[in-house]
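Report on one structure; see the data block that follows.
Protein chains in written order, with UniProt numbering: chain A, 1 to 345; chain B, 1 to 345.
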């Protein structure tokens, strides 16, 4: 059995080089370079000899050197926002599929919802010379990416727009989706509807809140500020917010949950209550239809977000001079029972 | 507003260089290099001038060049198997947290369950000179990684062992967990228990099947081959397999589902039946406790798998000469109702 690692010596120092391949094959360095880079001017017999030497020595081209010589790396970077949010699984997968169809490798990292980490990660990917970058922003200031974009790194934002710079963005109709979801509750007879959302610094959270306020205003309903709660999607915070607006003198009879992380916690809180409370959540999620009642949602299409954003990225990489564009995808109301419960009082 | 991209000219060709910084700061190239690389021998005033020039020009160090000069990149690669499987979210996040605690950047990619893509991605990450590699294998032959490991790329496999090479692996007690889960069903009075699992080429699938057979044999129960179905976790395939073993002359009264992708589909099939059928699933999943009945599972700890694997990787990177080791983490039976249903007949 081979040893897993050599414990000492310079890392990478014992990799076979093109020189080693040339020596073993009995050819010149330029010939090896031609074979490795698929250039013409090598006879089939010589190519075979070089390939055998490459195989025998375990030689691998050093792409770091290639990047310095050529412009492109055929690599696309994706800055994710939260690895634990299942919403991003299909988005990530769609980006990967499109990148692969273009012959590019996708490398990801996550900001874990921290603007400083987003910046660090995006710049680290640029330093590794990705051709393009897809960013799900955690922060609101993306001027740090200006030098990279000027230098030619194609950049597309997805889910939320960039801050402080003019750049492509692909997102869902957050305002319209939330407005439609809340209007659905109001049409069912609810007058006191609560809203629990993500941090107010997050664009999607404030857009969805704007949709909630619009639907309430259009129905001529006042909003008590105790019915609105923005903040972390951490279960403890969300559960406390839900319990608070379900208690008191003017308890809500329905809740609009601002994203899937909020919805699953609200489902838990409502399951522990004696009275039925209506619920509509932004984002669809697995098993929503199997809960009792099924959870009514405003569904986004995360795979479409990823696909459209990556298509846009490769349009940019193909050299077309495109103005920065905002592409908004529609949402879809999926009634399943929880959003159709009548007011309890 | 700045333009997003320049449409023509060599990509990266217009990035400012160290030479540009030196010219602007009015210092030599070596001085700029010292500042950029944090080396001594520069007065505070000169350093300030150089930093100002770096800031003004938007200069960024080219890490591709650095990699060629130095050995380490402070980058760790993670080859995922399926981006759409929520099991990997906490695993991925744990790897990222540990890597970050060591000052390393994590870059991911997914094999999408395809052994060829796994190989391509792992080698592409090596070509970009990651210091270490964590692999969730899709394939069964990892001899292609031998030259990389010999050249010093620390490599740890997680969830499933490497094939054809001797390497570290961190995994769950798949055999013992499945055996315990099936024994739990048998203890509840079931004599005809079905098993639906992933592809037989996947190590976890065959280990869990082995656990199922052991538990049945220990109870003196014969296994009809119509009760066992391995294959894709695609919902259509799993639903057909479930329906088939729930029909016929000797229908199963309980199902053991080989992973969370299988479990959620079996839950759907059972929800459409008139009679209760017991279910235990391998892997916990979100909302399992809120379904009616709650879903009894054999829970792994995906975050612990990621954490232990990454700790091991950094032990290797610290230069210790460690023999390849297999680390097995225990599983935990979580009874919630579905696994405690008695046989229907």
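Virtual Cβ for every residue (Gly too), placed ideally from N, Cα, C.
DSSP places residue 80/A in the uninterrupted beta strand (DSSP E) bounded by 75-80.
Under the three-pair Cβ rule at 8 Å, the region 222-229 of chain B does not count as touching the region 160-173 of chain B. Residue-level contact check: residue 25/A does not touch chain B, since none of the beta carbons of chain B fall below 8 Å from its beta carbon. Here DSSP, grouped into helix, strand and coil, assigns residue 286/A to coil.
Taken atom to atom, the span from the alpha-carbon of residue 76/A to that of residue 55/B is near 26 Å. Collapsing the DSSP output to three states places residue 278/B in a strand. With fewer than 16 neighbouring CB atoms inside 10 Å of its own CB, residue 37/B falls in the exposed class. For residue 267/B, the C-beta contacts it makes with chain A under 7 Å involve 290, in order along the chain. If the five residues before and after residue 146/A are omitted, its C-beta is found closer than 8 Å to the C-beta atoms of 165, all from its own chain and listed in chain order.
In the structure shown, the three-state DSSP call for residue 171/B is strand.
A distance below 8 Å separates the beta carbons of residue 215/B and residue 182/B. For the pair residue 317/A and residue 291/B, the Cα-to-Cα distance works out to about 47 Å.
Judged by DSSP secondary structure, residue 213/A falls outside any beta strand (DSSP E) and instead within the alpha helix (DSSP H) spanning 203-218. Nearest CB-CB separation between residue 140/A and chain B: not below the 8 Å threshold.
With a threshold of 16 other beta carbon atoms within 10 Å, residue 39/B falls short and is exposed.
Taking a Cβ-Cβ threshold of 8 Å, none of the residues of chain B is close to residue 52/A; the smallest such distance is about 15 Å. The C-beta of residue 104/A has 16 or more other C-beta atoms within 10 Å across all chains shown, which makes the residue buried. Residue 155/B has its alpha-carbon roughly 12 Å from the corresponding atom of residue 323/B. Sequence-distant Cβ neighbours of residue 80/A in its own chain, meaning closer than 8 Å and more than five residues away, are 88, 92, 108, 109, 110, 111, 136.
Runs of the alpha helix (DSSP H) spanning 4 or more residues and lying entirely within the UniProt domain "HTH lacI-type" (16-70) of chain B occur at 18-25, 29-36, 44-57, 63-69, in chain order.
If you check the CB distance, residue 282/A and residue 208/A come in under 8 Å. Residue pairing by DSSP puts residue 229/A in a beta bridge opposite 196/A. In the DSSP assignment, residue 117/B falls within the unbroken alpha helix (DSSP H) covering 115-127. For the pair of segments examined, the region 138-152 of chain A was found not to touch the region 291-308 of chain A: the number of CB pairs separated by less than 8 Å stays below three. In the three-state DSSP reduction, residue 338/A falls in the helix class (H, G or I). Residues of the region 94-110 of chain A whose Cβ lies closer than 9 Å to any Cβ of chain B, in chain order: 96, 97, 100, 105, 106, 107, 108, 109, 110. Under the 8 Å Cβ criterion, the region 324-337 of chain B counts as touching the region 172-181 of chain B, having at least three qualifying pairs. A straight-line Cα-Cα distance of about 22 Å links residue 157/A and residue 284/A. Neighbours of residue 277/A across chain B, judged by C-beta separation under 9 Å, do not exist; the nearest C-beta is about 15 Å away.
For residue 286/A, the neighbours in chain B by C-beta distance under 7 Å run, in chain order, 264. For residue 272/A, there is no enclosing alpha helix (DSSP H), since its DSSP letter is neither H nor E. Residue 277/B sits away from residue 224/B, with the two beta carbons spaced by 8 Å or more. Contact annotation: residue 177/B and residue 211/B have beta-carbon atoms nearer than 8 Å.
One Cα belongs to residue 126/A, the other to residue 41/B, and the distance between them is close to 29 Å. In this structure, the alpha-carbon of residue 29/B lies about 9 Å from that of residue 20/B. For the C-beta of residue 86/B, the chain A residues within less than 8 Å are, from N- to C-terminus, 86, 89, 286.
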